[in-house]
Amino acid sequence: SLTLTIWVVLNIAAIGFIVVGISSNSDDVVGWILPVVFWAVAIGLISLLTVPAPSGTRLSLGIGAAVAASILIPEPAGLLSAVCLGLALAGVMERTIGSSNERTTGDFLTDAVAMLAYTAIALLIHDPVIDANIVDYTWSVVAVALVSGVVWFIIRAGVAAFVGLERSDLAGRYLWLLALEDWAVAVSVVAAGTLFGLTWPLMGAWAFAVSILPYAFGHLAMERYHSTKATYGQTIRALAQIPEVAGLAPSGHSERTGDLAVAIAQELGLHPTDVAELEYAALMHDVGRITLNEPAIVKAGFTDEDIARWGSQIIAEAPYLQHVSSLVALQHRPYRSPGTDADPDLPVASKIIKVASAYDAARNERGLGPVEALEQIHRGSAYDFDPKIAYSLRRVLIYRGEVPA
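The following block contains the structure:
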């Protein structure tokens with residue numbers, strides 16, 4: 001696999017750089033090799049530590065150690081030896097002892113390529129920036145770390161998107177934007193590494209406290225954010241099931257609609273923030289049915305538009321869900337009317353919910369097979385369903401193996 005190839009290349013490169021470094025520092029081999037080994041082990045061990053990121057993945061802290069190493073080992077052969085050896089060590093440890101951070105081989109590939117890019121840029125611009133003497137040494141080092149860190153982050157996002165393309169149901173745009181969501185975590189990790197690299201020569205062991213304590217607060221904040229987000233999603237799912245528990249909506253319909261709507265949105269390449277709001281709206285798109293336990297309302301009659309409007313009004317009681325409520329309110333509107341073009345004011349998310357809900361209803365309420373249910377969606381794409389979303393649904397179902405290609 002590509003990951004194994006990268007690991008082998010890292011080992012070969014590490015050996016090569018070590019040979020070059022020893023040859024260039026033959027008068028003090030021990031003095032040269034000790035910091036290389038120290039930072040290689042540090043990068044390898046710290047790479048096993050992760051922090052939850054807004055993208056839903058866990059970002060490795062190894063880049064923080066690499067940033068510190070780039071400041072404390074400015075000599076090219078030494079830094080490249082430490083980084084390559086550290087990455088190779090991280091790969092071995094992840095496979096042998098494992099970790100509790102749910103990382104995949106794709107994550108290792110992403111980290112390896114991005115960290116090597118950081119190292120290359122840091123070495124490339126270090127001397128020119130320092131020699132330019134535009135600002136003092138400290139700020140010059142910060143500038144090098146900042147520029148190299150930006151390159152690392154962009155490369156990491158690009159590689160993560162490329163690795164994710166092995167799943168044909170995920171758009172490259174969605175994967176790219178998802179990876180970019182982690183910028184705040186990336187800034188904190190790079191800043192901690194920079195701070196350690198600058199304070200170590202002056203403060204020794206106290207540099208750990210100076211750099212780690214500020215980062216620790218950020219780490220705890222991210223852990224709390226991740227936990228709160230998960231709890232929030234669980235609460236939304238529980239509320240969405242109220243009409244089903246009351247027998248006012250088909251059992252499991254909201255969960256299936258939400259799952260399919262998210263898959264379509266990801267295949268279309270929507271922004272991750274929009275996908276999250278879409279998921280909440282899809283889960284709660286039938287919450288208006290709880291009003292059907294009122295005999296007067298049932299006797300007076302109602303339409304799907306009424307249910308959507310009532311659901312929207314209920315959801316709007318939560319200020320954070322104002323936009324979600326608007327998506328629910330428009331979910332039953334056809335994407336265009338006879339004799340008119342597509343409605344420009346109709347959100348893509350609402351059109352996705354309409355398609356996902358109709359497909360699940362055809363499958364689980366009317367008992368149609370996947371092909372027949374999909375065909376029903378395509379037949380309705382003249383007015384009710386957006387053709388682009390109908391075709392996206394087909395691609396998702398092909399990926400899932402529910403319909404033939």
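So in my numbering, spot 99 of the sequence shown is number 99, and the numbers just go up one at a time. We put the CB at the ideal spot given by N, CA and C, even for glycine. In this text the structure is predicted, and so the values were computed from the model without any measurement.
Validate contact between the segment 80-87 and the segment 183-203 using beta carbons, cut 8 Å, 3 pairs: In short, these stretches do not touch, since the Cβ pair count stays below three.
Complete alpha helix (DSSP H) runs within the segment 117-143 (minimum length 4 residues, chain order): As far as the segment 117-143 is concerned, it has no whole alpha helix (DSSP H) run of at least 4 residues.
Euclidean distance between Cα positions of Ile389 and Arg363: Those two C-alpha atoms are separated by around 18 Å.
Own chain, CB closer than 8 Å to Ser100, minus 5 neighbours either side, in chain order: Because Ser100 sits at a pLDDT of 48, beneath the cut-off of 50, its placement in the model cannot be relied upon, and the following sentence gives the value as read from the coordinates. Excluding residues within five positions, none has a Cβ falling inside 8 Å.
Exposure of Glu267, with buried meaning 16 or more beta-carbon neighbours within 10 Å: Result: buried.
Touch test, the segment 294-301 against the segment 268-279, Cβ-Cβ under 8 Å, three pairs minimum: Here the segment 294-301 makes no contact with the segment 268-279; the two share fewer than three CB pairs at distances below 8 Å.
Contacts around Pro344, its chain only, beta-carbon distance under 8 Å, and the 5 residues preceding and following it disregarded: Taken in chain order, the list of residues that qualify is empty.
Short CB-CB distance (under 8 Å) between Gly193 and chain C: In summary, chain C is missing from the structure at hand, where a single protein chain is found.
Cα-Cα separation between Ile73 and Cys84, rounded to whole angstroms: Cys84 has its alpha-carbon roughly 14 Å from the corresponding atom of Ile73.
Reduced DSSP category for Leu397 - H, G, I as helix; E, B as strand; rest coil: In the structure shown, Leu397 sits in a helix (DSSP, three-state: H, G or I).
Reduced DSSP category for Arg333 - H, G, I as helix; E, B as strand; rest coil: Arg333 falls in the coil class under three-state DSSP.
Presumed contact (8 Å Cβ cut-off) between Val51 and Met222, rounded CB distance: At roughly 5 Å, the Cβ-Cβ gap stays under 8 Å, so Val51 and Met222 are in contact.
Alpha helix (DSSP H) runs contained entirely in the segment 9-97, provided each spans 4 or more residues: Counting only runs of 4 or more, we get 29-46, 62-72, 76-96.
Residues near Leu177 in its chain [Cβ-Cβ closer than 6 Å; skip 5 each side]: Sequence-distant Cβ neighbours of Leu177 in its own chain, meaning closer than 6 Å and more than five residues away, are His271, Pro272.
For Ser47 and Ala446, believed in contact at Cβ under 8 Å, the rounded distance: No information on residue 446 is available, as it lies outside the stretch 1 to 405 that the chain covers here.
Backbone CA spacing between Ser23 and Ser70 [nearest angstrom]: Approximately 21 Å, taken between the alpha carbons.
Exposure label - Arg58; buried when at least 16 CB within 10 Å: So Arg58 ends up on the buried side.
Those residues which DSSP pairs with Ala342 across a bridge: Arg336, per the DSSP bridge assignment.
Cβ-Cβ distance between Ser314 and Val355 below 8 Å: The residue asked about is misnamed: residue 314 is Ile in this sequence, not Ser. At the C-beta level, Ile314 and Val355 stay beyond 8 Å of one another.
Whether Ala329 touches Met284 by CB criterion (8 Å): No. Outside cutoff.
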